Every structure is written in structure tokens, then in C-alpha cells.
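In the UniProt record's numbering, the protein residues as written are 1 to 310.
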Ligand code: SF4
């Protein structure tokens, strides 16, 4: 397999590093961080949580306008909990993976009813919330509550694989070792939360998967660069395609339902995807199973909560 050729890179035979220089990383972050609305002063833990739900597998540029509308409309867990499931699905718009919207709504209900409308701050309690997994729990504890916890996403795994371990990419699957690695890299002071977000930012904007910009990297020591950019030993990850997938068909069906304020007929849904009727049926079945769509007694279809009981 061919090695990735980093942009502007000059192979450097320095000894591999087992740490990341926090001053270099933090100085760079202070100069270069993107102005993302969920990082601004005054953003609440709930609003950070909403951003983390939306950012799972979805680019920042698509999340930004939806997040801004969302937090203006539903600034607290209880405000979100009071919204109907259908309104939440409509507000989710075209972000994709709409089960996240349903889980976010469920999460809002639990926080509003069981946690006094306050997002829990400790990782263990966060992990009990609907839709909150290992990454999201730590991201909220770190970004919203400034705790020293390792936050490990795909970008962070890649930076650590390169800068610390001298490999072209992270292992194919996450492992507990990733958390241990990042925990060991965190500064032992109040800079730890900023270090975490800076590491993530470096992976998102400089140490990218396909074209790392080593020529502008703030890290003076990187084990992969020091080793002369050895080729990856694991197969490159495939970029997930969207066109023609069941995800696309589900999105088309949901578009029809979002646009209607009353249940629609099967014929109205059928025209949303004429290419493959079996695929369309499968997509509709999965939406029903996921609880995103419901069927009325007279056989029509509606967004969750807008069927017979609405
Ligand atoms: S950490 Fe910096 S030097 Fe190392 S591979 Fe990534 S961009 Fe290049």
C-alpha cells in the first residue's frame, strides 16, 4: 500500500516521541481554532450535548445552522422534552441518521424529569442517558464541565497513532487502549480540557486522514514524520457512499412526512423512491421499527406522534 504523502512535509529522522508538546498544541489552538458556535462563551452544557449528538458522523458545516436554530428554539432540556417527537424530527432536517433526533428527544425527557433539567457532569451518570455513549459522555464532561477526561474520536485516534506511535493511521477499531493513551497525554493541570479540544481540532483541520498538512503542523516532534512516513499496514477505510443506499431512501420518505402536517397515503410515499420498490418497502419498514414513523388505523403514515393519537 502506498504511503500517504503529506502536504509540504519533509521527512525528519528525529526519535519517536511518547508525548505531545502541550505548549505547542495550545498556542496553535489559540491562534487557529475555528469559531464554532458551540465553543463560544455562554453556551450551556445542554447546548454542548446537542452539538455532540448532531456532530456524530455529520460535518460541522451542516450542523452549524441546524444547531443555531435548535438552541434558539429549545434552549433547555425541558423545552426540548416539551416538543413533540414530530417537531424534533422536522427540526433535525437533513442532518441524517434521524434516530439521533429521537434519542436526543428521549435524552431531554430523562434530564428534565430525572436530573432537574441539568445535564449531569460525571461520565458514569452521563453514560446512563439515552443516546450517550463513551465518546459523547466524555466530550460533555470535558467541553461543558472542563473535566480532565480523555476524549477520543476518530480524529484524535489518528493524531495519536501518527504523532505518538509513528503509524500512518489508527487501528481499524477503537479499543480501551485509546482512552489510556490519551489519558496519559493530558496535561496534569487546568489545560487538560483545552488540550483535548485542540488535539481534536488538529486532527480535523491539519492532521487529516487523506492529506495531512505536516508543513504547517504545530508539533515539532511527530513519530510518524520522524520515521519517514511508513506506509499504513491496515486497509484504508472506505468512504461511506450515500447515493442509492437505504439511508437515502429513508431520508426521501421522511422528507415527504416532514412536509405534511397530516398523515400521508402509501401512494404519496411510493413516489418518493421509484427506483427499487423492494428497497423502498425495506426502508419504510425500518422507519416503522425505529419508531420514527407510525401507521394510522386507516393505513396512512405519519411522523412519530402525529398518527391516530395526535
Ligand atoms: S501530527 Fe503533524 S507532523 Fe505528524 S502526521 Fe499529523 S500533521 Fe503531520
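Where a beta carbon is used, it is the ideal one built from N, C-alpha and C, also for glycine. For clarity, every value in this text was computed on a predicted model and none was experimentally measured.
**Message:** Contact between the stretch 135–151 and the stretch 34–54 is defined here as three or more beta-carbon pairs at a separation below 8 Å; is this criterion met?
**Reply:** The stretch 135–151, when compared against the stretch 34–54, does touch it at the 8 Å Cβ threshold.
**Message:** So, at 8 Å on beta carbons, what are the nonlocal neighbours of residue 304 in its own chain, with the 5 sequence-adjacent residues on each side left out?
**Reply:** Excluding residues up to 5 positions away in sequence, 85, 86, 89, 102, 291, 292, 293 and 294 lie with their Cβ nearer than 8 Å to the Cβ of residue 304 in the same chain.
**Prompt:** Is the closest heavy atom of the ligand SF4 to the C-beta of residue 224 under 7 Å?
**Reply:** It does: the Cβ of residue 224 is within 7 Å (strictly closer) of some heavy atom of the ligand SF4.
**Supposed contact pair residue 181 and residue 164 - C-beta distance, whole angstroms, cut 8 Å** = Confirmed, about 7 Å.
**Asked** Counting pairs of beta carbons, one from the stretch 68–80 and one from the stretch 264–274, are three or more of them closer than 8 Å?
**Response** Between the stretch 68–80 and the stretch 264–274 there are fewer than three inter-stretch CB-CB distances shorter than 8 Å, so the stretches are not counted as touching.
**Prompt:** What beta strand (DSSP E) runs, 3 residues minimum, are completely inside the stretch 234–288?
**Reply:** Taking 3 residues as the shortest admissible run, the stretch 234–288 contains no complete beta strand (DSSP E) segment at all.
**Item:** Cβ shell of residue 22 (< 7 Å), same chain only, five flanking positions each side left out
**Value:** For residue 22, the CB contacts under 7 Å within the same chain, skipping 5 residues up- and downstream, are 187, 191 and 195 in chain order.
**Message:** I want to check one thing, is the minimum distance from the CB of residue 212 to the heavy atoms of the ligand SF4 below 7 Å?
**Reply:** Because some heavy atom of the ligand SF4 lies under 7 Å away, the Cβ of residue 212 counts as near it: yes.
**Message:** Considering only their Cβ atoms, is the gap separating residue 37 from residue 68 smaller than 8 Å?
**Reply:** Against a cut-off of 8 Å, the Cβ pair of residue 37 and residue 68 comes out as a contact.
**Prompt:** Within 7 Å: the Cβ of residue 25 and any heavy atom of the ligand SF4?
**Reply:** Result no, Cβ not under 7 Å from the ligand SF4.
**Item:** Through-space distance from residue 57 to residue 240, alpha-carbon basis
**Value:** Going by the C-alpha atoms only, they are around 10 Å apart.
**Which listed residue (162, 301 and 171) has its alpha carbon closest to that of residue 213** = Of 162, 301 and 171, the residue nearest in Cα terms is 162.
**Message:** If contacts are defined as beta-carbon pairs under 8 Å, then residue 249 and residue 279 qualify, I think. What distance do you get, rounded to the angstrom?
**Reply:** The C-beta distance from residue 249 to residue 279 rounds to 6 Å, short enough to meet the 8 Å contact threshold.
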